[in-house]
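**Q**
Numbering (full-length UniProt numbering), first residue to last: 1 to 220.
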């Protein structure tokens, strides 16, 4: 899942972004509304965590632009004001959910994951194929009922492959979904992560390489 965090308070923005990365999400950051719109035009995001009270271009206008551009990005709006009127106004602008500051990180994560399951198109909370199950809410993965100890990148790659429901996922698609913008990576990083993931999945092999195209979870 790819998330854009838009928050002008640097400490809070980095706290949210690093937390989401630890939970196996690909995260980009923006410190103002104009930067958020630039990123939204250049890339696809499943969820945007949007501070309502941004300086310059207000969060309300960013939310309006998401609606006008007909983006499929789900919006979780953050604000220091928690009155019913403010919540109604935020949701009326096109936000999908609303969270008042201060908040518990676990609640923010739960809301981001819930919104992500409703994005492009809605997905079940548990993705399953060929005996592999990924619980996107609990951030856990199993094969034939046995828990898999995966790194956040391995988990994210497995989730991306399961989302494809047997279709081929290319290198570029994996990089787009799993690695953050500006991260130093190469095609070799994908291969290394896949190699480790295959080893943890065990036998018989489940991830097929399709020459010149990418990778997929084989049916069995």
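Cβ atoms here follow ideal geometry from the backbone N, Cα and C, with glycine treated the same way.
Identify, in the order they occur along the chain, each residue of the same chain with its Cβ nearer than 8 Å to the Cβ of residue 164, setting aside the five sequence neighbours on each side.
**A** Within the same chain, and ignoring the five residues on either side of residue 164 in sequence, the residues whose Cβ sits closer than 8 Å to its Cβ are 216, 217.
**Q** Any chance the stretch 191–204 sits against the stretch 143–151, with 3 or more Cβ pairs inside 8 Å?
**A** Because the criterion of three Cβ pairs below 8 Å is met, the stretch 191–204 and the stretch 143–151 touch.
**Q** Determine the contact status of residue 26 and residue 39, defining contact as a CB-CB distance below 8 Å.
**A** No, they are not a contact pair.
**Q** Using a Cβ-Cβ cutoff of less than 8 Å, which residues in the same chain neighbour residue 196 once the five nearest sequence positions on both sides are dropped?
**A** Here the set comprises 151, 154.
**Q** Look up residue 45 in the DSSP assignment and say whether it is helix, strand or coil.
**A** coil
**Q** Would you kindly check if the distance between the Cβ of residue 137 and the Cβ of residue 113 is under 8 Å?
**A** yes
**Q** Considering only the alpha carbon of each residue, which of 73, 77, 170 lies closest to residue 103?
**A** 77
**Q** In angstroms with no decimal places, state the Cα-to-Cα distance between residue 189 and residue 66.
**A** 32 Å
**Q** Using only the alpha-carbon positions, how far apart do residue 141 and residue 126 sit?
**A** 9 Å
**Q** How far does the alpha helix (DSSP H) with residue 113 in it reach, from first residue to last?
**A** 105–116
**Q** Just to confirm, are residue 97 and residue 71 a CB contact at a threshold of 8 Å?
**A** Result no, Cβ atoms of residue 97 and residue 71 do not sit closer than 8 Å.
**Q** Could you tell me if residue 105 is buried or exposed, where buried requires 16 or more neighbouring beta carbons within 10 angstroms of its beta carbon?
**A** exposed
**Q** Going along the chain, which residues of its own chain have a beta-carbon closer than 8 Å to the beta-carbon of residue 173, five neighbours each way excluded?
**A** If we look at residue 173 and ignore the five residues flanking it on each side, its Cβ neighbours are 160, 214.
**Q** Can you name the residues that DSSP bridges to residue 2?
**A** 26
**Q** Between which two residues does the beta strand (DSSP E) carrying residue 173 extend?
**A** Unbroken run through residue 173 is the alpha helix (DSSP H), 171–178; no beta strand (DSSP E).
**Q** Taking the C-alpha atoms as reference points, what is the distance between residue 166 and residue 53?
**A** So the alpha carbons of these two residues sit roughly 42 Å apart.
**Q** Please name the residue in 36, 206, 6, 23 whose C-alpha comes closest to that of residue 178.
**A** Measuring C-alpha to C-alpha distances from residue 178 to each of 36, 206, 6, 23 identifies 23 as the nearest.
**Q** Can you tell which of 74, 108, 11, 92 has its C-alpha closest to the C-alpha of residue 2?
**A** 74
**Q** What are the boundary residues of the beta strand (DSSP E) that residue 96 is part of?
**A** Segment: none, residue 96 is in no beta strand (DSSP E) and carries neither H nor E.
**Q** Identify whether residue 214 lies in helix, strand or coil by the three-state DSSP scheme.
**A** strand
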